[in-house]
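Following: one structure in structure tokens, then a few remarks.
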Amino acid sequence: MSFDFDRIIDRSGTAALKWDGRRSVFGTDDVLPLWVADMDFAAPDAVTQALAARAAHPVYGYSQFADEVYEALIDWLRERHQWPVERDWILMAPGVVPSLHAAVLAFAEAGEGVIVQPPVYFPFFSAVTATGRRLVENPLLFEDGRYRIDFEHLERCAANARLLLLCSPHNPVGRVWREEELRELLRIARKHQLVVLSDEIHHDLIYPGQRHIPLATLVDESDDIVTAVAPSKTFNIPGLGLSALIASNPAQREKLHRAFDLLHVSGANPFSITAFAAAYGNSEHGAAWLDALMAYLAETRDEATATLAREAPAIRVVAAEGTYLLWLDCRALGLDDDALKRFFVEQARVGLSPGSLFGQGGSGFMRLNLGAPRAVIREATRRIVAAVVRLSN
Numbered sequence: 502m503s504f505d506f507d508r509i510i511d512r513s514g515t516a517a518l519k520w521d522g523r524r525s526v527f528g529t530d531d532v533l534p535l536w537v538a539d540m541d542f543a544a545p546d547a548v549t550q551a552l553a554a555r556a557a558h559p560v561y562g563y564s565q566f567a568d569e570v571y572e573a574l575i576d577w578l579r580e581r582h583q584w585p586v587e588r589d590w591i592l593m594a595p596g597v598v599p600s601l602h603a604a605v606l607a608f609a610e611a612g613e614g615v616i617v618q619p620p621v622y623f624p625f626f627s628a629v630t631a632t633g634r635r636l637v638e639n640p641l642l643f644e645d646g647r648y649r650i651d652f653e654h655l656e657r658c659a660a661n662a663r664l665l666l667l668c669s670p671h672n673p674v675g676r677v678w679r680e681e682e683l684r685e686l687l688r689i690a691r692k693h694q695l696v697v698l699s700d701e702i703h704h705d706l707i708y709p710g711q712r713h714i715p716l717a718t719l720v721d722e723s724d725d726i727v728t729a730v731a732p733s734k735t736f737n738i739p740g741l742g743l744s745a746l747i748a749s750n751p752a753q754r755e756k757l758h759r760a761f762d763l764l765h766v767s768g769a770n771p772f773s774i775t776a777f778a779a780a781y782g783n784s785e786h787g788a789a790w791l792d793a794l795m796a797y798l799a800e801t802r803d804e805a806t807a808t809l810a811r812e813a814p815a816i817r818v819v820a821a822e823g824t825y826l827l828w829l830d831c832r833a834l835g836l837d838d839d840a841l842k843r844f845f846v847e848q849a850r851v852g853l854s855p856g857s858l859f860g861q862g863g864s865g866f867m868r869l870n871l872g873a874p875r876a877v878i879r880e881a882t883r884r885i886v887a888a889v890v891r892l893s894n
């Protein structure tokens, strides 16, 4: 099978947040948008064909989750991640961000502590603060160009918390957590009776030489683990919203059910269901597409990293082990966060996500989305290099 990730697809005029939202986010349309985490690649043919077939049926009424939705997810997790999941463990959800809110409502009472590990995807913070829970920060340590969990500090945090929101693989820093790291996290959670919500939405986006380990595959019967997964990042269908929560403990599932009932949200619409089943259900085609995607992204990552290291060494790229996101250490440019954002927009004409959005430890960093044809990333790096050279002269 061959896949054309070099194809340029014009997304303007499709109400695409990434492209049509440039003026509202950056104040101008004259930027290459490499910010919000979706890709500019076509979804796999199996998905687009399934959606076209469903659209051809002229009735788009209320929908339910068919057997094939569960079966497709179970087969994918077993084949791709060696994780045997039972159907009863699966709770369909309208996206991972609503799932974060539901988990906080389900597992922590008002005023109880919820741990997050910044710099991290910013809805982790709002899921805690907007629901009246107490935010407890366990910042990642950045040493020798690599991030790690501060387990000594995590243990202190866990003594006064009820829930831990884990990002695995980690957005934005690109870490794929090792087995020994996950086991130590579980030890601490077990000791302090923490529930862990493991957001594994990027679980398939792993670079060659790395391995994602679902946290739930390491647990024992006493562990309280819920895992969030979705095909949205993997197959570039995030606008369709559907995700899943996996919990082997029936008491956890009941609490999550009640939380979603309180929120009055559902992911059941004809197109999200169709895309979910098609993405995970065509495992041979989907796996081949994904393997080709990750090989393509790895080459793009390596080329962009080498270009910046050679021509703009003031910007240091943090080595990404997973995700299609690149975390840029721009502190050597000597700009504060407002000036840094203006620099990329006005001087480089590239729209990135400011690191300050991701909380403590994000100041002085920027997040770049690699999920675009390589020609686009080359143009972005060319613009960044030219802007850095002008700044230094």
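Numbers given in this note's numbering equal positions in the sequence shown, counted from 1, plus 501.
Beta carbons: idealized from backbone N, C-alpha and C, even for Gly.
*Validate contact between the segment 551-570 and the segment 678-696 using beta carbons, cut 8 Å, 3 pairs*: no
_Which complete beta strand (DSSP E) runs does the segment 585-620 hold, if anything under 3 residues is left out?_
591-594 and 614-617
*Between which two residues does the alpha helix (DSSP H) carrying residue 510 extend?*
One-based indexing of the sequence shown puts residue 510 at position 9. Run containing residue 510: none; DSSP gives neither H nor E here.
*Within 9 Å, strictly: CB atoms of residue 873 and residue 542*: Looking up residue 873 in the sequence shown gives position 372. Looking up residue 542 in the sequence shown gives position 41. A contact, by the Cβ cut-off of 9 Å.
_Through-space distance from residue 612 to residue 710, alpha-carbon basis_ = Walking along the sequence shown from the start, residue 710 turns up at place 209. Walking along the sequence shown from the start, residue 612 turns up at place 111. Residue 710 and residue 612: Cα-Cα distance of roughly 42 Å.
*For residue 650, the three-state DSSP class (helix, strand or coil)*: Position 149 of the sequence shown holds residue 650. In this structure, residue 650 counts as coil in the three-state DSSP scheme.
*Quick check: the segment 834-853 against the segment 519-535, are there 3 or more CB pairs under 8 Å?*
yes
*Does DSSP put residue 640 in a helix, a strand or coil?*
Here residue 640 refers to the residue found at position 139 of the sequence shown. Note: residue 640 maps to coil in three-state DSSP.
*Whole-angstrom distance between residue 769 and residue 654, CA atom to CA atom*: In the sequence shown, residue 654 corresponds to position 153, counting from 1. In the sequence shown, residue 769 corresponds to position 268, counting from 1. In a straight line, the C-alpha of residue 654 is about 40 Å away from that of residue 769.
*Do you know offhand how far residue 520's Cα is from residue 512's?*
By 1-based counting over the sequence shown, the position of residue 520 is 19. By 1-based counting over the sequence shown, the position of residue 512 is 11. C-alpha separation (whole angstroms): 7 Å.
*Whole angstroms is fine: what's the gap from residue 550's alpha carbon to residue 775's?*
Indexing the sequence shown from 1 puts residue 550 at position 49. Indexing the sequence shown from 1 puts residue 775 at position 274. Each residue's Cα considered, the two are about 10 Å apart.
*Taking residue 749 as the reference, which of 840, 671, 832 and 584 has the closest Cα?*
On the sequence shown, position 248 is the one that residue 749 refers to. Closest option to residue 749, Cα to Cα, is 584.
*Name the one or two DSSP bridge partners that residue 726 has.*
Here the question's residue 726 lines up with position 225 in the sequence shown. Per DSSP, 697.
*Exposed or buried, residue 675, counting other C-beta atoms within 10 Å across all chains shown (16 or more means buried)?*
Numbered from its first residue, the sequence shown carries residue 675 at position 174. Its Cβ being crowded by 16 or more others within 10 Å, residue 675 is buried.
*asked:* If you measure between the beta carbons of residue 597 and residue 773, is that distance less than 9 Å?
replied: Along the sequence shown, read from residue 1 onward, the residue named residue 597 stands at position 96. Along the sequence shown, read from residue 1 onward, the residue named residue 773 stands at position 272. Not closer than 9 Å, so no.
*What residue from 790, 717, 673 and 815 has the CA that sits closest to residue 680's CA?*
Within the sequence shown, the letter at position 179 stands for residue 680. Comparing Cα positions, the closest option is 717.
*Residue interval of the beta strand (DSSP E) (run including residue 867)*: Position 366 of the sequence shown, counting from 1, holds the residue named residue 867. Unbroken beta strand (DSSP E) run through residue 867: 866-870.
*Three-state secondary structure (DSSP) at residue 714?*
Counting from 1 along the sequence shown, the entry for residue 714 is found at position 213. Coil, per DSSP.
_Is the separation between the beta-carbon of residue 698 and that of residue 667 shorter than 9 Å?_
As a first step, residue 698 is located in the sequence shown; it is residue number 197 there, counting from the start. As a first step, residue 667 is located in the sequence shown; it is residue number 166 there, counting from the start. Cβ atoms of residue 698 and residue 667: closer than 9 Å.
*Determine the DSSP secondary structure at residue 830, reduced to helix, strand or coil.*
Within the sequence shown, the letter at position 329 stands for residue 830. Residue 830 falls in the strand class under three-state DSSP.
_6 Å Cβ shell around residue 582 - same chain, five flanking residues per side excluded_ = Counted from its first residue, the sequence shown places residue 582 at position 81. The answer, listed in chain order, is 715.
*Quick one: using the 10 Å Cβ neighbour count with 16 as the cut-off for buried, is residue 565 buried or exposed?*
Stepping through the sequence shown from its first residue, residue 565 is reached at position 64. Looking at its Cβ environment, which holds fewer than 16 other Cβ atoms inside 10 Å, residue 565 is exposed.
*asked:* Looking at residue 893: is its Cβ nearer than 9 Å to the Cβ of residue 815?
replied: On the sequence shown, position 392 is the one that residue 893 refers to. On the sequence shown, position 314 is the one that residue 815 refers to. Yes, these two residues count as a Cβ contact at 9 Å.
*Could you check if residue 885 is buried or exposed, using at least 16 other CB atoms within 10 Å of its CB as the buried criterion?*
The residue given as residue 885 occupies position 384 in the sequence shown. Looking at its Cβ environment, which holds 16 or more other Cβ atoms inside 10 Å, residue 885 is buried.
*How long is the line joining the alpha carbons of residue 712 and residue 560, rounded to whole angstroms?*
The residue given as residue 712 occupies position 211 in the sequence shown. The residue given as residue 560 occupies position 59 in the sequence shown. The straight-line gap from Cα to Cα measures roughly 43 Å.
*asked:* Give me the DSSP bridge partner(s) of residue 738.
replied: Stepping through the sequence shown from its first residue, residue 738 is reached at position 237. According to DSSP, residue 738 bridges with nothing at all.
*Hey, which unbroken runs of the beta strand (DSSP E) at 3 residues or more fall wholly within the segment 743-801?*
744-747
*Helix or strand or just coil, what does DSSP make of residue 526?*
Here residue 526 refers to the residue found at position 25 when the sequence shown is read from its first residue. Of the three classes helix, strand and coil, the one that applies to residue 526 here is helix, per DSSP.
*Have a look at the DSSP bridge pairing and note the partners of residue 818.*
Indexing the sequence shown from 1 puts residue 818 at position 317. Looking at the DSSP assignment, residue 818 forms a beta bridge with 829.
*Taking buried to mean at least 16 other C-beta atoms within 10 Å of its own C-beta, is residue 525 buried or exposed?*
Walking along the sequence shown from the start, residue 525 turns up at place 24. Exposed, because fewer than 16 other Cβ atoms sit within 10 Å of the Cβ of residue 525.
*Measuring alpha carbon to alpha carbon, tell me which of 622, 870, 516 and 798 ends up nearest residue 505.*
Position 4 of the sequence shown, counted from the first residue, corresponds to residue 505. The shortest Cα separation from residue 505 among 622, 870, 516 and 798 belongs to 798.
*Report yes or no: do three or more beta-carbon pairs, one from the segment 782-797 and one from the segment 620-638, lie closer than 8 Å?*
no
*In the DSSP assignment, find the alpha helix (DSSP H) that holds residue 666 and state where it starts and stops.*
Here the question's residue 666 lines up with position 165 in the sequence shown. Unbroken run through residue 666 is the beta strand (DSSP E), 664-668; no alpha helix (DSSP H).
_Nonlocal neighbours in the same chain, by C-beta distance under 8 Å from residue 763, ignoring five residues either side_ = Taking the sequence shown and counting its residues from 1, the one referred to as residue 763 is at position 262. Cβ within range, chain order: 606.
_Beta-ladder partner(s) of residue 564, from DSSP_ = Counting from 1 along the sequence shown, the entry for residue 564 is found at position 63. Beta-bridge pairing links residue 564 to no other residue.
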